[in-house]
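In this text, residue positions in the sequence shown follow the numbering used here: the first is 353, and each later residue adds one. Structure first, then comments.
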Amino acid sequence: MNSKSKFKTLIIIDLETTGLIYDEPKITELAMIAVNIATLEEMKADEELPRVLNKFVKFFDPVKLLRASVAELTGLNNRMLIDYAPFNRETVIAMEAFLSDFQKPMCFVGMIIFNEDLNSS
């Protein structure tokens, strides 16, 4: 039986925001990592994971006050983010450009929200 994936690229996405959905959250950080799935499938069990080569990281001014609990959790605060633009169309274009470098089909995976994320909001 062939267990190889039909996907060519794995995209892992992580977002940091100002809070949860009821609080009208704004994005403060977006990170994506792209991994060639064949590279992972060809690895032997005792091999170290390969170095991540394809990263996309952007920060955004949320244009709203971050609560102290969110700042503590993410390590970000309004002073750090004030000189960045809010999430906008240019960000979407940059994301599309980043993703266009990789083989399709792609599998997108979001980072898991841990209890600390939920309890801090």
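Glycine included, each C-beta is placed from N, C-alpha and C at the ideal position.
Per-residue burial, E368 [other beta carbons within 10 Å of its own, 16 or more giving buried]: Around the C-beta of E368, 16 or more other C-beta atoms lie within 10 Å, and the residue is accordingly described as buried.
Assigned secondary structure, M395 (DSSP; H/G/I helix, E/B strand, else coil): Three-state result, M395: coil.
Residue from G371, K378, M447 and L372 with nearest C-alpha to P438: Checked all of G371, K378, M447 and L372; the closest Cα to P438 is K378.
Residue of T391, L382 and M384 minimising C-alpha distance to K360: The residue with the shortest Cα to Cα distance from K360 is T391.
Boundaries (first-last residue) of the beta strand (DSSP E) holding A386: Start and end: I379 to N388.
Residue from T443, E381 and M395 whose Cα sits closest to the Cα of M463: Closest in alpha carbon position to M463, among T443, E381 and M395, is E381.
Check whether F408 and I385 have beta carbons under 9 Å apart: Pairing F408 with I385 gives a Cβ-Cβ distance under 9 Å.
Inter-residue spacing [alpha-carbon to alpha-carbon] between M458 and S452: Cα to Cα, the separation comes out at about 11 Å.
Beta-carbon contacts of T426 that lie in its chain and below 6 Å, excluding the five residues immediately before and after: Within the same chain, T426 has close Cβ partners E368.
Whole-angstrom C-beta distance between T443 and K410, which should lie under 8 Å: Contact flag correct, Cβ pair sits at about 6 Å.
Cβ neighbours of F460 in the same chain (closer than 7 Å, five flanking residues each side left out): So the qualifying residues of the chain are I363 and I365.
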